[in-house]
């Protein structure tokens, strides 16, 4: 098993169980404890784990939300495939909403140039990327900008979103479970995500496999509100089956 594969497995387990320990990981991954410690240090440098004596804790369990630069480096190939697959959910024309997030940033970069689109977003990196595109009418939702995610939140954002109704919203999330639906660490962002869901006819969620089976602090929406979930091929088949049974169509890219 290559180091990136170990890192992925360690991070998934840490997010699911809350913490991991060096001894059990060494046995499970069939490597030395020293290798596990190096792996944990590498993942900690990405801001996704916090080292503790004998192991590590997922930052989500510490109330720490990774910044956008840290998240951009994680699951990069999977996010690229997810964004490409999400292009199939675009309307031929009309209006879409792009949630703030690293996978939706990738989707924004791939938007076609052969059709006119109205794009609404509260994500500053997406605005910067699309502002010069002649085939896109771009609407920036204002509000208080969260430095960690570069997303506008708060009452201004919520008020603006009540005035629109788009064809599709492409939504990011930190957790997806059958029991709690979509979840995220921050209450203010959860409010805006709920408003995004209410402002669109169809809801397409973009989430790599490490988000499946994970429940975070703030509730966004039940799975019954989701039309399509786009994830990657590393998603556990049993989790995919449970999610599809709850309503959404699942696409594995």
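In my numbering, the protein residues as written are 143 to 395.
Quick reminder that beta carbons are idealized off the backbone N, C-alpha and C, glycines included.
heavy atom of the ligand SAM below 6 Å from residue i C-beta
i: residue 180; result: Here there are no bound small molecules, and the ligand SAM is not part of this structure.
Buried versus exposed call for residue i [16 or more other C-beta atoms within 10 Å across all chains shown]
i: residue 157; result: buried
i: residue 150; result: buried
i: residue 169; result: exposed
i: residue 153; result: buried
Test item: CB-CB of residue i and residue j under 7 Å
i: residue 280; j: residue 261; result: yes
i: residue 377; j: residue 320; result: no
i: residue 362; j: residue 336; result: yes
i: residue 341; j: residue 300; result: no
i: residue 294; j: residue 283; result: yes
i: residue 240; j: residue 278; result: no
i: residue 367; j: residue 329; result: no
Endpoints, alpha helix (DSSP H) assigned at residue i
i: residue 183; result: 175-187
i: residue 383; result: 379-387
i: residue 290; result: Here residue 290 belongs to no alpha helix (DSSP H), and DSSP marks it neither H nor E.
i: residue 228; result: 218-228
i: residue 272; result: 266-272
i: residue 149; result: 145-159
i: residue 349; result: Unbroken run through residue 349: none, as it is neither H nor E.
i: residue 303; result: 297-303
Alpha-carbon spacing of residue i relative to residue j, whole angstroms
i: residue 270; j: residue 289; result: 16 Å
i: residue 166; j: residue 180; result: 15 Å
i: residue 228; j: residue 349; result: 11 Å
i: residue 391; j: residue 176; result: 42 Å
i: residue 217; j: residue 194; result: 24 Å
i: residue 225; j: residue 369; result: 16 Å
i: residue 365; j: residue 221; result: 21 Å
i: residue 191; j: residue 352; result: 14 Å
i: residue 243; j: residue 272; result: 15 Å
i: residue 322; j: residue 254; result: 34 Å
i: residue 146; j: residue 182; result: 12 Å
In DSSP terms, what residue i is bridged to
i: residue 194; result: 197
i: residue 393; result: 372
i: residue 162; result: 198
For residue i, the first and last residue of its enclosing beta strand (DSSP E)
i: residue 339; result: That residue, residue 339, is in no beta strand (DSSP E); its alpha helix (DSSP H) goes 329-340.
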